[in-house]
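First the structure, in the form of structure tokens, and then the observations on it.
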Amino acid sequence: MFDYLTQQITARLEQLGWPSDRLQLSRPKKVENGDWSCNIAMILARDLKRAPMQIAQELMSDIELDSSIVEKQEIINPGFINFFQTSDYLTGQIKDILANRDDFGKNEFGTGKTAQVEFVSANPTGPLTVGHGRQTVLGDTLASILTWSGYEVTREYYFNNAGRQMRLLGESLKARYLELKGEPAILPDGGYEGKYLIDVAKTLMSEQPDLDQDQDVALFKDFAEASIFAIIKSSLERIGVVHDVFYNERSLYEAGKIDEVLSILRDKGLLYDKDGATWFKTTELGVEQDRVLVKSSGEPTYRLPDIAYHREKVARGFDLVVDIFGADHIDAYPDVLSALKVMGLKHEHIQVVIHQFVTLLRSGEVVKMSTRKANFVTLDELIDEVGADVVRYFYIMRSASSHLNFDLDLAKRQTEENPVFYLQYAHARISSIFRRAKERGLVADAAGADLSLLNEEHTLALINAALEFPEVIDHCRRSLEVHHLPVYLSDLATALHKFYTEHKVIDLDNPQRSQARLALLEAVQITLRNGLRILGITAPDQM
RNA sequence: GCCCCUGUAGCUCAGCAGGAUAGAGCAACGCUUUCCUAAAGCGUAGGUCAGGUGUUCGAAUCACCUCAGGGGUACCA
92 MFDYLTQQIT ARLEQLGWPS DRLQLSRPKK VENGDWSCNI AMILARDLKR APMQIAQELM
152 SDIELDSSIV EKQEIINPGF INFFQTSDYL TGQIKDILAN RDDFGKNEFG TGKTAQVEFV
212 SANPTGPLTV GHGRQTVLGD TLASILTWSG YEVTREYYFN NAGRQMRLLG ESLKARYLEL
272 KGEPAILPDG GYEGKYLIDV AKTLMSEQPD LDQDQDVALF KDFAEASIFA IIKSSLERIG
332 VVHDVFYNER SLYEAGKIDE VLSILRDKGL LYDKDGATWF KTTELGVEQD RVLVKSSGEP
392 TYRLPDIAYH REKVARGFDL VVDIFGADHI DAYPDVLSAL KVMGLKHEHI QVVIHQFVTL
452 LRSGEVVKMS TRKANFVTLD ELIDEVGADV VRYFYIMRSA SSHLNFDLDL AKRQTEENPV
512 FYLQYAHARI SSIFRRAKER GLVADAAGAD LSLLNEEHTL ALINAALEFP EVIDHCRRSL
572 EVHHLPVYLS DLATALHKFY TEHKVIDLDN PQRSQARLAL LEAVQITLRN GLRILGITAP
632 DQM
């Protein structure tokens, strides 16, 4: 319908010699305004210096629309052209859903192209927190959207297991270990205070009981890293997130990639030394102040490997690169992008999604979180409390750019009366009807169903709702905003529940209509299931 | 100071590539079940879309200013 109208109107615009590039078709909010609406007459009014109503009339005067698709068209003040689809056309679309099944909603925008989504990327210094959770679910869902848009997607986790933080971690574990042996030991200044390190120390103790004060800290560091990574990976697995690539920052050093970046920038005259540190002349690139790339201690700042890493991303040839960052990293990426730019590298295909912070509320109090200080709530604890489905839904139902209040008490309380269950119930409700139909001897026969029997208001609204699914996927992809999907699915569930309330599906006195409605419900269930699959939420057959 | 995000119903938030009478969930009040799961549906009430100026036929949506909250502005990541 959309494609058909776009094509027809564009042709007519060209015939009249009017610009066609600003043509827009949208779905009106009100059913009285039709199924598709076009505002081109008002947009052209200024250029053509004519009244919108006149333009609309001239535009439509010589268009012959296929009457099997378009029931009628109307021109309404101040110049909207509204199109109403025939119910035959609409119900016919159900067959399209049934034919596509598990693929319904997919598009080929990214077919033949590759995409990479980098997300989580937490260093292995502690368990994933509630804060990391948002990024985890956001990235994973976006990756799924891209997959549905045809891309071949790589989910990537970038981490650093070298440097100051990791050394502190090793020292902290050593202190915990010695503590267990009853030897005097004190956590280093700024060390990691979390209880999880005591557990790690106990495990280490059971495996290697004979370590002492003189033992090199490297052993502790390595052990801590391995243990904590195991914890992180298990949390990810619990909410259904699997990364394809774990990219170690260290490999950039080993392959000489860090030095390459430095020498390229030095050749371009964009580096200088001051106070024993190496500075990047970002002021020449429009940034307020210069940035340090190598500290006077000889260690690079995080910016340098970030630049080298992104240079590698470009070299790896992805057609689309998406970085998911928390708001606290917002200042890092302009430097990275401008560095790529001065190195003459492609960078327009790199998109950054910044998500705002999660404010955690417990008993009405804001919980300030710090991995080092250990007063954090872990993602695992959250999953324990409310379950993976609820966790995923809560993180994804709000736009990334809005600050998310995660009220633990509310999340728990709402376990009983939760937006997720509303969706899942819609799916289960349909399964339940199918079971009942079978019991009553009604053998579903979608192919033989007379879909023209579906003509009531709530029924048509439900079909329309299901048909919007591919548009929503496309919207998510375009905007890199995934929250549109749960919002949409919720609307779809509402349409289903309304239909259910109004119309009885199984009616042995009217098997024809029953068949038609069963076919519709199958299409709706496919849509719900596909949507839930993208969100990583289970679609139960009964609740 | 400068940069980014946010401000919409009592609460949590959609809507913002400008479009028709601004929506949902929760909370409040009332109603619906001899009938496929009431984890549902219907109704009532609730709004200066933070405030102001501008652009436009048309602004919650765009621009500018102000106010408020969050984040950043490190030789931490």
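Residue numbers (my numbering): 92 to 634.
For glycine and all other residues, C-beta sits at the position ideal for the given N, C-alpha and C.
Buried or exposed: residue i, going by 16 or more other Cβ atoms within 10 Å of its Cβ?
i, result
"M634", "exposed"
"S318", "buried"
"Y393", "exposed"
"A517", "buried"
"K437", "exposed"
"Y283", "buried"
"K432", "exposed"
"I421", "exposed"
"V534", "exposed"
"D290", "exposed"
"E613", "buried"
"R453", "exposed"
"A266", "buried"
"V412", "buried"
"L599", "exposed"
"E345", "exposed"
"Y363", "exposed"
"K348", "buried"
"K140", "exposed"
"K286", "exposed"
"P275", "exposed"
"D121", "It should be noted that the sequence gives Lys, not Asp, for residue 121. Exposed, since its Cβ has fewer than 16 Cβ neighbours within 10 Å."
Measure the beta-carbon distance from residue i to residue j and round it to whole angstroms, keeping in mind my assumption that it falls under 8 Å.
i, j, result
"R341", "N252", "6 Å"
"K163", "F175", "5 Å"
"G627", "D231", "6 Å"
"L207", "T245", "The residue you asked about is not Leu; residue 207 is Gln in the sequence shown. That belief holds up - the Cβ atoms of Q207 and T245 are roughly 5 Å apart, short of 8 Å."
"Y338", "E262", "Actually they do not touch by this definition, with Cβ atoms about 26 Å apart."
"P457", "V468", "Here residue 457 is Val; the residue named in the question, Pro, does not match the sequence. The Cβ separation is near 12 Å, so there is no contact."
"A540", "Q606", "4 Å"
"L551", "S159", "Wrong, their Cβ atoms sit about 16 Å apart, outside the cutoff."
"V333", "L395", "Their Cβ separation, rounded to whole angstroms, is 30 Å, which puts V333 and L395 out of contact at 8 Å."
"T646", "F210", "The structure shown does not extend to residue 646, since the chain spans only 92 to 634, so no value can be given for it."
"A423", "H446", "Not confirmed; about 14 Å, so no contact."
"L327", "A292", "The pair is not a contact, with the Cβ atoms about 24 Å apart (cut-off 8 Å)."
"I564", "N191", "About 12 Å; that fails the 8 Å criterion."
Ends of the beta strand (DSSP E) at residue i?
i, result
"R246", "E243 to F250"
"Y363", "L362 to K365"
"A368", "A368 to F371"
"I167", "V161 to I167"
"N173", "F171 to Q176"
"E209", "T205 to E209"
"Y338", "V336 to N339"
"I100", "From DSSP, I100 is part of no beta strand (DSSP E) but of the alpha helix (DSSP H) over F93 to L107."
"R453", "V449 to R453"
"F416", "L411 to G417"
"L384", "R382 to V385"
"I441", "I441 to H446"
From what residue to what residue does the alpha helix (DSSP H) around residue i run?
i, result
"G224", "V221 to W239"
"V468", "No alpha helix (DSSP H) holds V468; DSSP gives it neither H nor E."
"V563", "F560 to S570"
"A213", "Counting along the chain, A213 falls outside any alpha helix (DSSP H), and DSSP gives it neither H nor E."
"L139", "I131 to L139"
"Q145", "P143 to S152"
"Q256", "R255 to L271"
"H401", "R394 to A406"
"S326", "V308 to R329"
"Y424", "A423 to V433"
"K293", "Y287 to E298"
Between residue i and the ligand SAM, is the CB less than 6 Å from at least one heavy atom?
i, result
"I100", "Inclusion of the ligand SAM in the displayed structure is not the case, the ligand content being empty and no account of it being possible."
Checklist entry - Is it true that the region 349-361 meets the region 271-279, where meeting means three or more beta-carbon pairs spaced less than 8 Å apart? => result no
Next on the checklist: Three or more C-beta pairs under 8 Å: does that hold for the region 302-320 against the region 178-192?
Outcome noted: no
Checklist entry - For the region 539-552 against the region 584-601, are there 3 or more C-beta pairs whose distance is under 8 Å? => result yes
Next on the checklist: Runs of 3 residues minimum, wholly inside the region 491-521: which ones carry the beta strand (DSSP E) assignment?
Outcome noted: 495-498
Checklist entry - Does the region 485-492 come close enough to the region 571-584 to have 3 or more Cβ pairs within less than 8 Å? => result At 8 Å Cβ cutoff, the stretches touch.
Item to check | Contiguous alpha helix (DSSP H) assignments of at least 4 residues, all confined to the region 593-632 | outcome: 602-626
Item to check | Contact the region 527-535 vs the region 475-484: 3+ CB pairs below 8 Å | outcome: no
Next on the checklist: If contact is defined by three or more beta carbon pairs under 8 Å, each pair taking one atom from either stretch, is the region 576-585 in contact with the region 617-625?
Outcome noted: yes
Item to check | Meets three-Cβ-pair contact criterion under 8 Å: the region 126-145 and the region 109-117 | outcome: yes
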